[in-house]
């Protein structure tokens, strides 16, 4: 699924974004999802760090999902997937601090919401997984990709 380079749309009546992958700037994500409650302001700090790390290591893409990307006033979590650069393992071997920090997060699952995609196939599988809700009908929903 290729991102739509447009403004993040309004939520549907069920509280989810309309189906699709929406490309957004860091600022747009912070403003749209990270300012309406204390919980959201806390969660947005994680996203800031993930964006910073993704940029430092040359990450290719960053997906944001979870209840953070819904109309919930008090979201439970943020889910994120980073498409790693081809030289990520080399960066780890070289002791690059940002790569080591990100690897630690991914391997220990702390925070538990960040996942890695090693290639486009992995990326597309994560998109497919996260584009379905946990509702009984498995309806599709929209996702947000942060411009790196």
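In my numbering, the protein residues as written are 5 to 152. Even glycine gets a Cβ: it sits at the ideal position worked out from N, Cα and C.
Reference residue i; option with closest CA among the options
i           : options              : result
residue 67  : 134, 18, 108 and 140 : 134
residue 141 : 11, 18, 112 and 13   : 18
residue 117 : 50, 103 and 59       : 50
residue 143 : 39, 69 and 20        : 20
residue 44  : 60, 13, 80 and 12    : 80
residue 131 : 95, 87 and 108       : 87
residue 138 : 70, 96, 75 and 85    : 70
residue 32  : 73, 108, 77 and 129  : 73
residue 38  : 105, 103, 75 and 102 : 75
residue 85  : 77, 58, 94 and 41    : 58
DSSP state of residue i mapped onto helix, strand, coil
i           : result
residue 73  : helix
residue 83  : strand
residue 133 : helix
residue 140 : coil
residue 149 : strand
residue 53  : helix
residue 21  : coil
residue 92  : helix
residue 119 : strand
residue 37  : helix
residue 112 : helix
residue 59  : helix
residue 125 : helix
Neighbourhood of residue i by C-beta distance below 8 angstroms, restricted to the same chain and skipping five residues each side
i           : result
residue 55  : 30, 66, 150 and 152
residue 136 : 142, 143, 144 and 145
Spatial neighbours of residue i in its chain, beta-carbon cut-off 7 angstroms, leaving aside the 5 residues before and after
i          : result
residue 62 : 89
Bridge partner(s) assigned by DSSP for residue i
i          : result
residue 65 : 87
residue 28 : 150
Proximal residues to residue i (C-beta, below 6 angstroms), its chain only, five neighbours per side dropped
i           : result
residue 110 : 120
residue 48  : 34 and 38
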